Structure formats: structure tokens, C-alpha cells
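Novice: Residue numbers (the working numbering): 927 to 1085. The C-beta atom is built at its ideal place from N, Cα and C for all residues, glycine as well. None of these values were measured; they are calculated from a predicted model. Dropping a structure here in C-alpha cells format, bear with me for questions.
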């Protein structure tokens, strides 16, 4: 609202602790490196900015300003890789079935914890608050899969 446009992306760079950033950066290495190798650095940056800004906006609209982390982008990378395997399997993205299942179970477990927190707060006086950016996780996966359908992000031969 005040012209501070960097706030659209900057929550992606902030993390709640060492393990939070460690796991997000491991996923960035595992999922992001193969994407950058196939579509190039510039398109990877555009992809990251689009997913980051979009997932931060989705999360802000669903829960307010108190969220942080790169996991919306990580889920965007996973959704993108999953979709590219379906529309262009010859590009050879290395996302195996167990990784896809792990990420889906992770998001569902976080959603379940969030629902449990919500119900406990409604029906008891216990302060069981979890700050999990489920809107960013789910939005990132869906947006990544959507972008994976566009030829703009298809494999470009090395020159």
C-alpha cells in the first residue's frame, strides 16, 4: 500500500530458524537445479519471482502479514517438475514418485495440523497456534503445475 514493492517477495527470503532455511535450501538444490539446467537462469529467476510474489500474496490474503519462508516457491518447483514430466517426459526431470508422495503427504500433514489447531482453539481455551503457510504451499504447487504447461518454460537446447 505504501509503495514498498519488495514486500511482495521478501517474506520468501526470511525464515524461522536454521532448520527451516536448511530444508528449504536443500529442496531448492534438489528441485531448482534441474529446472535451471533445462530452462536457463533468466527464466528460472522469472519463475521464482512470479511464484514467490503470487504465493506471498495468496498467503497474505488468507492469513495476514505474519508468514515467512521459501516453501511456497519450493512447492512451485515441485508442481512445475511434476507437470513437465507429464507434458514433456523427454526433458528428463528427476522427480521420482517417492519425492512427489513425500511432498503431498507433507502438505496434507501440515494442513491437518492447521485444522487441528483451528478446532482446538474454537472448542477449548488452549493456545495451540501453528504458523504454517498452507495457502502458500498449496498455491505454489498449483501455480508451478500451471506454469509447467507453458512452452515458455520448455527445455532449451544448449548453444
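Given 8 Å as the limit, is there contact between the stretch 1001-1019 and the stretch 1064-1084, that is, 3 or more CB pairs closer than that?
Specialist: Because the criterion of three Cβ pairs below 8 Å is met, the stretch 1001-1019 and the stretch 1064-1084 touch.
Novice: Taking buried to mean at least 16 other C-beta atoms within 10 Å of its own C-beta, is residue 1016 buried or exposed?
Specialist: Residue 1016 should be labelled exposed.
Novice: May I ask which residues mark the beginning and end of the alpha helix (DSSP H) holding residue 1010?
Specialist: Start and end: 997-1013.
Novice: Would you identify the three-state DSSP class for residue 1020, choosing helix, strand or coil?
Specialist: Here residue 1020 sits in coil by DSSP.
Novice: Of the residues 932, 1018 and 998, which one's Cα is nearest the Cα of residue 963?
Specialist: It is 1018 whose Cα lies nearest to the Cα of residue 963.
Novice: Hey, quick one: how far does the alpha helix (DSSP H) through residue 953 stretch, first residue to last?
Specialist: Segment 944-953, the alpha helix (DSSP H) holding residue 953.
Novice: Residue range of the alpha helix (DSSP H) that residue 1063 falls in?
Specialist: Where residue 1063 is concerned, the enclosing alpha helix (DSSP H) stretches over 1060-1073.
Novice: Count the other CB atoms, across all protein chains shown, that sit within 10 Å of the CB of residue 1059; report buried if there are 16 or more and exposed otherwise.
Specialist: Burial call: buried.
Novice: Of the residues 1001, 944 and 988, which one's Cα is nearest the Cα of residue 976?
Specialist: For residue 976, the nearest C-alpha among the options comes from 1001.
Novice: If we ignore side chains and look at the alpha-carbon of each, how far apart do residue 1029 and residue 1055 end up?
Specialist: Rounded to whole angstroms, residue 1029 to residue 1055 spans 23 Å at the Cα level.
Novice: Can you tell me whether residue 929 is buried or exposed? The criterion is at least 16 other CB atoms within 10 Å of its CB, across all chains shown.
Specialist: Flag for residue 929 reads exposed.
Novice: Mind checking whether residue 1004 and residue 1070 have CB atoms under 8 Å apart?
Specialist: Result yes, Cβ atoms of residue 1004 and residue 1070 sit closer than 8 Å.
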